[in-house]
Amino acid sequence: MRWRPVLSVTAAAVLLAATGACRRTAPLDLSATAEQWRVHEVNRQLAIALHNNGDVPVRVSRVEPVLPSFDGEAAVDTDALLPAGGLRVDVPVPYGTGTCVASAAASHVVVVARADGAAEDQRITIALPDPNPLLDKLLAADCASRRIQRSVTLRFGPWTDAGPAGLRGALVVSRTAAATGTVQVRKLDGNVMYALRPPARTPVASVTAGAPVASVPLTASPARCDAHALAEIKKPFEFLATVSLDGGAELATAVPVGDADRQALDGMLRRICKLP
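Residue numbering for the sequence shown is -17 to -1, 1 to 259, as defined by mature numbering (1 follows the signal peptide of the UniProt record, and there is no 0).
Below you can see the structure in the form of structure tokens.
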């Protein structure tokens, strides 16, 4: 009769194992892509678009981007409810700065989430599409800016009032000691809010080892005064210069805009457009 307790213990163990298996958390079925809208571009963010492909709502509490070609990407705590059926929910995350070093590792995000109403979180690694044209574009832009900054500095010179014509100023181009060959500014663009008018020539400016600094006169005036455009623009002080290094490919970079530049441009716009 001593065998009966053994059978009882064995049966209880099987029952407990079966119960634990029933309670085991089912894996969540999530997918993700990286997107970027204008508001995210301004803030150097990606919109991690999360999709819940399962049958129950999922609550996401944290999104961690892992981007091997970038430094400074950062995790974000959130409270995002993903409805069942793949409806997309965007979570903005900082993506950092391109490293400009080749990486074979693919980008992904780590998501902390749970089925709505569940007690336990799951930590899920979700691959981002690879190849990824958006991340490639952002990396190329950062690397182009870095190459330009090693060879030349750009800044706006002092602004003076030009009455109804707007402002008179200058683009100051300075070749660095690290530069090789001739550096050319091929083009300088305004934006939706401000029109910039440098001399109508190509290149706009050239600097060499013998003449490392050039000052290009220009005028700035409102590109438009309608309230809708002024309210909607996300980068009012972004002015892109197209630069060629020693006869190479044309690269784009933003001209740095300081507080004095912002104040002068904003004051001129308000004066000419008769804004408060």
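Idealized CB from N, CA, C, for every residue including glycine.
Given the structure is predicted, the values throughout are model-derived calculations rather than measurements.
Considering only C-alpha positions, which residue in the set the options is nearest to residue i?
{"i": "Arg71", "options": "Ser90, Tyr78 and Ala63", "result": "Ala63"}
{"i": "Phe220", "options": "Pro77, Val238, Cys208 and Val196", "result": "Val238"}
{"i": "Lys187", "options": "Gly164, Ala160, Pro195 and Val156", "result": "Checking the sequence, you will find Val at residue 187 rather than Lys. Checked all of Gly164, Ala160, Pro195 and Val156; the closest Cα to Val187 is Val156."}
{"i": "Arg45", "options": "Ala85, Ala101 and Arg97", "result": "Arg97"}
{"i": "Gly140", "options": "Gly146, Ile131, Leu150 and Ser134", "result": "Leu150"}
{"i": "Lys120", "options": "Asp104, Gln19, Arg42 and Ala15", "result": "Gln19"}
{"i": "Ile109", "options": "Arg180, Asn36 and Tyr177", "result": "Asn36"}
{"i": "Glu47", "options": "Pro75, Pro182 and Leu252", "result": "Pro75"}
{"i": "Ala178", "options": "Arg106, Val135, Met251 and Ser128", "result": "Met251"}
{"i": "Asn26", "options": "Asp104, Arg158 and Pro77", "result": "Pro77"}
{"i": "Arg184", "options": "Val175, Val95 and Gln167", "result": "Gln167"}
{"i": "Gly100", "options": "Thr159, Arg254, Leu65 and Pro147", "result": "Leu65"}
{"i": "Met176", "options": "Arg253, Leu117 and Pro147", "result": "Arg253"}
{"i": "Val41", "options": "Ser14, Ser198, Arg138 and Gly146", "result": "Ser14"}
{"i": "residue 285", "options": "Pro181, Val226 and Pro112", "result": "The requested residue 285 does not occur in the structure, where the chain is confined to residues -17 to 259."}
{"i": "Ala243", "options": "Asp113, Ser198 and Arg138", "result": "Arg138"}
{"i": "Trp142", "options": "Asp209, Ile31, Ser204 and Ile107", "result": "Ser204"}
{"i": "Gln28", "options": "Pro181, Thr80 and Asp104", "result": "Thr80"}
{"i": "Asp229", "options": "Gly241, Cys208 and Arg130", "result": "Arg130"}
{"i": "Ser90", "options": "Ile255, Asp113, Ala32 and Val84", "result": "Asp113"}
{"i": "Pro147", "options": "Val49, Lys170 and Thr202", "result": "Thr202"}
{"i": "Asp12", "options": "Asp54, Arg158, Glu24 and Gln105", "result": "Gln105"}
So what does residue i bridge to, in DSSP terms?
{"i": "Asn35", "result": "Leu13"}
{"i": "Gln28", "result": "Pro77"}
{"i": "Ile109", "result": "Val92"}
{"i": "Ala98", "result": "Val41"}
{"i": "Arg71", "result": "His34"}
{"i": "Glu18", "result": "Ala30"}
Around the Cβ of residue i, are there at least 16 other Cβ atoms within 10 angstroms (buried) or fewer (exposed)?
{"i": "Arg245", "result": "exposed"}
{"i": "Gly193", "result": "exposed"}
{"i": "Ala88", "result": "exposed"}
{"i": "Ala231", "result": "The residue you asked about is not Ala; residue 231 is Gly in the sequence shown. The residue is exposed, with fewer than 16 neighbouring Cβ atoms inside 10 Å."}
{"i": "Pro259", "result": "exposed"}
{"i": "Lys257", "result": "exposed"}
{"i": "Leu248", "result": "buried"}
{"i": "Glu233", "result": "exposed"}
{"i": "Ala197", "result": "buried"}
{"i": "Thr163", "result": "exposed"}
{"i": "Cys5", "result": "Since pLDDT at Cys5 reaches only 42, below the 50 mark, its modelled position is unreliable, and the value read off the structure follows with that caveat. Under this definition Cys5 is an exposed residue."}
{"i": "Gly241", "result": "exposed"}
{"i": "Thr236", "result": "buried"}
{"i": "Gly152", "result": "buried"}
{"i": "Glu103", "result": "exposed"}
{"i": "Ser52", "result": "buried"}
Along the alpha helix (DSSP H) that carries residue i, what are the first and last residues, could you check?
{"i": "Pro141", "result": "Looking at the DSSP string, Pro141 is not in any alpha helix (DSSP H), and its letter there is neither H nor E."}
{"i": "Ala121", "result": "In the sequence as displayed, the identity of residue 121 is Leu instead of Ala. Its alpha helix (DSSP H) spans residues Pro116 to Ser134."}
Which residue marks the beginning of the beta strand (DSSP E) containing residue i, and which one marks its end?
{"i": "Pro181", "result": "Here Pro181 belongs to no beta strand (DSSP E), and DSSP marks it neither H nor E."}
{"i": "Gln167", "result": "Val166 to Leu171"}
{"i": "Ala153", "result": "Leu150 to Arg158"}
{"i": "Asp60", "result": "Val59 to Leu65"}
{"i": "Pro48", "result": "Val41 to Val49"}
{"i": "Val196", "result": "Val196 to Pro205"}
{"i": "Val189", "result": "Just to set this straight, residue 189 is Ser in the shown sequence, not Val. Where Ser189 is concerned, the enclosing beta strand (DSSP E) stretches over Ala188 to Val190."}
Does at least one heavy atom of the ligand PLP sit under 8 Å from the Cβ of residue i?
{"i": "Ser14", "result": "The model on display carries no ligand, and the ligand PLP is accordingly not part of it."}
Legend entry - Uninterrupted alpha helix (DSSP H) stretches inside the stretch 207 to 252 (no shorter than 4 residues): 210 to 215
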